[in-house]
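Novice: In this text, residue positions in the sequence shown follow the working numbering: the first is 1, and each later residue adds one.
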Amino acid sequence: MKRKLCIAALAVAGMAACSPGGNVESEGEKELDTVAVVERVNKIYAGALKQYNEFDSTKSWVNSDSLYCTTDWNSWLARVKDYDAKHADGMVGFLEADYWVMGQDWGDLSVSDVKVTEMTDSTAMVQLNLHNLGELIPVRLEMACEKGEWKIDNFIDDAHDVDWKAGMKEYLNEK
1 MKRKLCIAAL AVAGMAACSP GGNVESEGEK ELDTVAVVER VNKIYAGALK
51 QYNEFDSTKS WVNSDSLYCT TDWNSWLARV KDYDAKHADG MVGFLEADYW
101 VMGQDWGDLS VSDVKVTEMT DSTAMVQLNL HNLGELIPVR LEMACEKGEW
151 KIDNFIDDAH DVDWKAGMKE YLNEK
C-alpha cells in the first residue's frame, strides 16, 4: 500500500511540474503559468550556449539535445544522422547548420526577450531573440512537458523561415 501511495505521489508531482499554477498571467478566461516556462528556456540556453561561448576543442562536448530536448526531437535527429551516415557520401547532409546557434559559425551567443505566446498543460510556444555574432535572430521553440520537465520539441528560425523538425521529416520522406 505504501508503495502504491509513493508511486501515486510521484505521478502527481510530475504532472504538477508542467501544469499551470502559481505566477500566472491571465489570457482571457484561461490562466497560465508562463514564468516557469520562461525560466526553463533561459536555463536551457544558459547551459547550451555556455559551451559554445567557452569553446575548447580539448574538452568533451555536452549533448544539449539529450539534456534539453524531447524524446521525439532526439528520435528524428537520430534518424537523420543515421541516414546521413549511410548515404551522405562525404557531403554534409541535412545538418549543414546548427539549430542551437541558427548558423554554422557562432560568437557572443545569448538570448533575450524570452516569452510564451501559447500554452496548454503540456505544450508551449516560446519566442526569443538569439544573439549570434552581433546578429539578432528571432526564434520560436515548440516546448513539451516530458516526465515533469519542459523540453524543446522543435526549433523554428523565423529569420530564415526554417522549421527544423518539419525539415527533418521532409528530408527523410524525400529519401
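The beta-carbon is built from N, C-alpha and C at its ideal position, and this holds for glycine as well.
Could you please give me the residues that DSSP links to M119 through a beta bridge?
Specialist: As a position in the sequence shown, residue 119 is number 119, starting the count at 1. Partner(s): A124.
Novice: Determine, using beta-carbon pairs with one atom in the stretch 103-116 and one in the stretch 125-136, whether at least three such pairs fall under 8 Å.
Specialist: yes
Novice: If you draw a straight line from the C-alpha of V80 to the C-alpha of L172, how long is it?
Specialist: The residue you call residue 80 lines up with position 80 of the sequence shown. The residue you call residue 172 lines up with position 172 of the sequence shown. Approximately 7 Å between the Cα atoms of the pair.
Novice: Nearest to L49 by CA position, among W150, T70, W100, is which residue?
Specialist: Taking the first residue of the sequence shown as 1, we reach residue 49 at position 49. The shortest Cα separation from L49 among W150, T70, W100 belongs to W100.
Novice: Run through DSSP, which three-state label would A13 get?
Specialist: As a position in the sequence shown, residue 13 is number 13, starting the count at 1. Caution applies to A13, whose pLDDT of 42 falls short of 50 and renders its modelled position unreliable; the value that the coordinates give is listed next. Three-state result, A13: helix.
Novice: Can you tell me whether V139 is buried or exposed, with buried defined as 16 or more other CB within 10 angstroms of its CB?
Specialist: Against the sequence shown, residue 139 aligns to sequence position 139. It counts as buried.
Novice: How about T71 and E118: do their beta carbons lie closer than 8 Å?
Specialist: Counting from one through the sequence shown, the residue named residue 71 turns up at place 71. Counting from one through the sequence shown, the residue named residue 118 turns up at place 118. Result no, Cβ atoms of T71 and E118 do not sit closer than 8 Å.
Novice: Would the beta-carbon of D84 fall within 8 Å of that of G93?
Specialist: Position 84 of the sequence shown, counting from 1, holds the residue named residue 84. Position 93 of the sequence shown, counting from 1, holds the residue named residue 93. Using a Cβ distance threshold of 8 Å, D84 and G93 count as a contacting pair.
Novice: Among V37, V41, Y52, which one has its Cα closest to the Cα of L133?
Specialist: Residue mapping note: residue 133 aligns to position 133 of the sequence shown, counting from 1. The shortest C-alpha separation from L133 is found at Y52.
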